[in-house]
Structure formats: structure tokens, C-alpha cells
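Remarks on the structure that follows.
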Amino acid sequence: MTPPYVMISAAALRVGQPLGVDLYLHDLSTNQLGLYKQADYALHASDLEQLRVEGKRHLYIHREAQDRYHEYLRLLVSDDSGDTPLAARVGAMDEVVRETLRECFASDDPNRIVNTAGTLAQMVLRVLDGSDFTTAELLQVVQHDYSTFTQSANVAYFATLLAKALGLPSADLGPIIAGALLHDIGQQEISDAILCKPGRLDDYELHLVRQHPLNGFRKLCRHDALLDGQLMMVYQHHEKIDGSGYPVGCVGDEIHPWARLCAVVDTFAALISIRPYRGPRTHERALQIMEFDCGLAFEPEMFQCWKKIIEDCSRA
Ligand SMILES: [Fe+2]
Numbered sequence: 519m520t521p522p523y524v525m526i527s528a529a530a531l532r533v534g535q536p537l538g539v540d541l542y543l544h545d546l547s548t549n550q551l552g553l554y555k556q557a558d559y560a561l562h563a564s565d566l567e568q569l570r571v572e573g574k575r576h577l578y579i580h581r582e583a584q585d586r587y588h589e590y591l592r593l594l595v596s597d598d599s600g601d602t603p604l605a606a607r608v609g610a611m612d613e614v615v616r617e618t619l620r621e622c623f624a625s626d627d628p629n630r631i632v633n634t635a636g637t638l639a640q641m642v643l644r645v646l647d648g649s650d651f652t653t654a655e656l657l658q659v660v661q662h663d664y665s666t667f668t669q670s671a672n673v674a675y676f677a678t679l680l681a682k683a684l685g686l687p688s689a690d691l692g693p694i695i696a697g698a699l700l701h702d703i704g705q706q707e708i709s710d711a712i713l714c715k716p717g718r719l720d721d722y723e724l725h726l727v728r729q730h731p732l733n734g735f736r737k738l739c740r741h742d743a744l745l746d747g748q749l750m751m752v753y754q755h756h757e758k759i760d761g762s763g764y765p766v767g768c769v770g771d772e773i774h775p776w777a778r779l780c781a782v783v784d785t786f787a788a789l790i791s792i793r794p795y796r797g798p799r800t801h802e803r804a805l806q807i808m809e810f811d812c813g814l815a816f817e818p819e820m821f822q823c824w825k826k827i828i829e830d831c832s833r834a
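Heads up, my numbering is the position in the sequence shown plus 518, with the first residue counted as 1.
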């Protein structure tokens with residue numbers, strides 16, 4: 519049976535404007551959802567602060583109200599008048615990206631998936647290319663669950679930051695974001711029982727997981743609208759510059775630069791996410807783990823650039 523409530527992110531809530539849907543909170547003492555605010559209530563800044571202090575990053579809405587909530591999110595994302603705080607726009611963008619990816623990946627229609635990734639990439643670029651946007655704001659908003667949708671969304675945001683910091687041409691940004699949204703599309707063919715397995719994968723399960731770049735490439739390779747670099751982000755994002763990656767074991771420049779960029783941010787995003795068998799790593803710990811591999815797995819210039827982005831925002 520479909521659950522009557524769906525979880526939403528507190529990051530997309532905006533003060534001073536009724537949401538138009540009832541909001542519910544999970545009451546830990548009763549393990550039940552309780553009505554938090556009615557649809558016509560305009561949230562105050564103190565409400566959001568209280569949620570933050572109490573560590574409540576998620577709320578719930580009734581499934582029947584989902585369409586109205588999505589309309590609210592889309593208006594928020596497209597509001598570049600300056601009236602909507604950037605944190606709420608980024609939060610709304612993240613909800614729209616993850617929810618839209620979830621829907622269109624499930625369709626298993628490559629045309630729809632590629633077109634949707636292109637549309638979402640333009641939306642991400644419009645929001646994240648804002649001049650007053652900070653990395654710290656983004657890092658506070660991103661979710662840490664290890665669903666393919668969350669991982670793909672986070673990789674797309676981080677790829678935007680890294681591509682900009684590396685000084686890549688602005689015309690490359692949209693295609694890189696779309697490629698990042700698509701990079702793990704091959705995971706659709708792997709069961710949740712394997713992807714979310716709490717213990718170690720056996721040899722056969724590992725073999726299946728390592729097929730996902732090839733599966734994704736096969737799914738998308740006949741699509742004329744995709745650039746070589748985007749296809750290589752799908753096919754080569756687990757390759758390592760020392761040749762120890764998969765599926766082929768390419769070395770150095772044999773790996774497309776966009777795939778090398780994807781490898782850096784994909785690894786970071788995975789390390790800071792929650793896995794069935796461990797909690798999220800801190801940003802500092804994730805960088806340490808990656809640094810141990812740097813020069814072996816990642817292109818040093820790209821890794822150092824990413825490290826500086828994260829360290830600068832930690833110091834700010
Ligand atoms: Fe992957």
C-alpha cells in the first residue's frame with residue numbers, strides 16, 4: 519500500500535508565505551506524525567530556526583497535496599527577483615531535482631531521461647550560477663541519504679562548483695551538470711537489495727555493481743543529443759588515473775576530463791552520504807580519505823581544487 523504521507527525537506531521552506539499544504543512532523547515519543555502547521559499558516563523565521571535547532575531536516579505532507587507542493591517548489595526555484603532567500607531556492611531546487619529524477623528514471627525511457635536531465639541542468643545552472651551563492655549554503659542543504667537520486671543530484675551540484683573553479687568554459691557547464699545527473703543511470707538495473715546491502719558484497723554482487731557504468735553507457739550511447747564527454751561521464755566515472763578503476767582500467771588522459779572531474783565529486787558525495795553500514799563522513803575526513811588516493815585515483819589538479827573549495831567554505 520502507498521503510504522499516505524511523503525517526506526519533504528525543511529530546506530525548501532520559506533518564511534512569510536503560506537505553503538498551501540498542511541505540514542506534519544514526526545513525533546519521536548509516539549512514533550506518529552502530528553500536524554505541525556496548517557496550510558494557511560505563514561512560517562516565521564523563528565519557526566525555521568526552531569526546526570534547525572531541534573535537528574528536524576524533514577517534514578511530511580499528505581500525498582494528495584503533493585502536486586500543490588511541487589507547484590510551490592517550482593515557483594520558488596524560478597523566483598530570481600531576490601525576494602526568495604537563496605537557501606530556500608537551493609532547497610527547492612534540490613527537492614525538484616531529486617523528485618523529478620526519481621520519476622523519470624523509473625520510466626526507463628532514455629529519451630525522456632536525457633531530455634529531463636537537460637532541463638534540470640539548466641535549472642541547476644540558473645540557481646547555482648547566482649553571484650551571491652556560497653558553497654556553505656549548498657553544503658547545508660544537500661541531503662545525505664544514499665539513493666541514486668540524491669547521489670546524482672549532489673554530484674551535479676558539486677560538479678558545477680568544481681567546473682567553475684577550474685575555469686572551464688561556461689558553455690560546458692550545462693552539459694557537465696546534465697552528464698552528472700545521468701552518470702549513475704546504469705544503477706537502475708541493480709536491485710536495492712545489493713545497493714543497500716548492509717554487509718560486504720560477495721564477488722558476484724560486486725561484479726554486478728561494477729557493470730553499472732557499462733549498463734548506463736549502453737542505455738544512452740545511441741542518443742544523438744549527448745556529447746562524448748557526457749557519455750564518458752557515464753562510462754568512465756569509476757576509472758582511476760593509475761589504471762586501477764573500472765570497467766576498463768583506463769589510465770591518465772585516456773579518461774575524459776569530464777569523467778575525471780565526475781570521479782572527484784562523485785567520490786566526495788559518496789563519502790559524505792549515509793550508507794547502510796556506516797554514517798556520513800565529515801567533509802574533512804572525506805578529503806583525508808581522498809587525499810590518500812590522490813595522484814593514484816584522481817587528477818591532482820582537480821582534487822586540489824576541490825579540496826580548496828571545501829576548506830575555504832569550512833573556514834568562512
Ligand atoms: Fe557510479
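For every residue, glycine included, the Cβ atom is placed at its ideal position computed from N, Cα and C. The structure displayed is predicted, hence computed values, not measured ones.
Distance, residue j Cα to residue i Cα
i	j	result
L657	D558	30 Å
A563	L546	24 Å
R492	D540	In the structure as shown, the chain starts at 519 and stops at 834, and residue 492 therefore has no counterpart that could be examined.
D715	E655	The residue you asked about is not Asp; residue 715 is Lys in the sequence shown. Answer to the nearest angstrom: the Cα atoms are 32 Å apart.
Q568	R532	14 Å
A606	D720	42 Å
A750	P536	According to the sequence as given, residue 750 is Met; it is not Ala. Taking the straight line from one Cα to the other gives about 44 Å.
V524	T785	29 Å
A560	E757	49 Å
T668	R616	6 Å
I773	C780	11 Å
S527	D771	40 Å
T602	E589	15 Å
E613	L679	19 Å
N549	K826	42 Å
W824	A698	16 Å
R566	R592	The amino acid at residue 566 is misidentified as Arg; the sequence shows Leu. Rounded to whole angstroms, L566 to R592 spans 20 Å at the Cα level.
Y554	D598	29 Å
D627	L646	28 Å
Q705	T666	7 Å
T653	C831	6 Å
G685	E582	45 Å
P775	V595	30 Å
G797	Q729	26 Å
Q822	Y722	35 Å
G767	D690	26 Å
L814	P794	27 Å
G747	G636	14 Å
M611	N633	17 Å
H741	R833	43 Å
G600	A681	25 Å
Beta-carbon contacts of residue i that lie in its chain and below 7 Å, excluding the five residues immediately before and after
i	result
L726	I708 and I712
N672	V660 and A787
G609	S527, A529, A530 and V659
H755	H701, P731, A777, C780, A781 and D784
Q584	V524
I695	A639, V642, L643, A674, A677 and T678
C812	P818 and F821
C739	L749
Own chain partners of residue i with C-beta closer than 6 Å, once the 5 adjacent residues on each side are dropped
i	result
P765	P731 and L732
I462	Outside the displayed span of the chain (519 to 834) sits residue 462, for which this structure offers no information.
H801	I828
Y587	V539 and I579
Q556	D540
A804	F786, L789 and I790
P835	Here the chain comprises residues numbered 519 to 834, so residue 835 is not present and cannot be evaluated.
G761	G767 and V769
Residues near residue i in its chain [Cβ-Cβ closer than 8 Å; skip 5 each side]
i	result
R799	L789, I790 and I807
D663	S791 and I792
L551	Y523, Y542, L543, H544, D545 and Y578
Y753	P731, L732, G734, F735, P765 and A777
G717	Y795
N629	H741
Collapsed DSSP secondary structure at residue i in the structure displayed
i	result
V752	helix
I631	helix
L619	helix
D742	coil
D771	helix
D626	coil
D760	strand
H718	According to the sequence displayed, residue 718 carries Arg and not His. DSSP places R718 in coil when its eight states are reduced to three.
R796	strand
S791	coil
Q729	coil
P765	coil
T785	helix
C780	helix
P603	coil
A815	coil
Minimum Cβ-Cβ distance from residue i to chain D less than 8 Å
i	result
D771	Going by chain labels, chain D is absent from the structure shown, which holds only one protein chain.
Mind listing, in chain order, the residues whose beta carbon lies closer than 6 Å to a non-hydrogen atom of ligand 1? So the residues near ligand 1 by this Cβ test are D702, H730, H755 and H756.
Could you tell me which whole alpha helix (DSSP H) segments of length 4 or greater appear in the segment 638–716? DSSP runs (the alpha helix (DSSP H)) wholly in the segment 638–716: 653–659, 666–683, 688–700 and 710–713.
Within the segment 522–599, ranges of the alpha helix (DSSP H) (whole runs, at least 4 residues): 563–571 and 584–596
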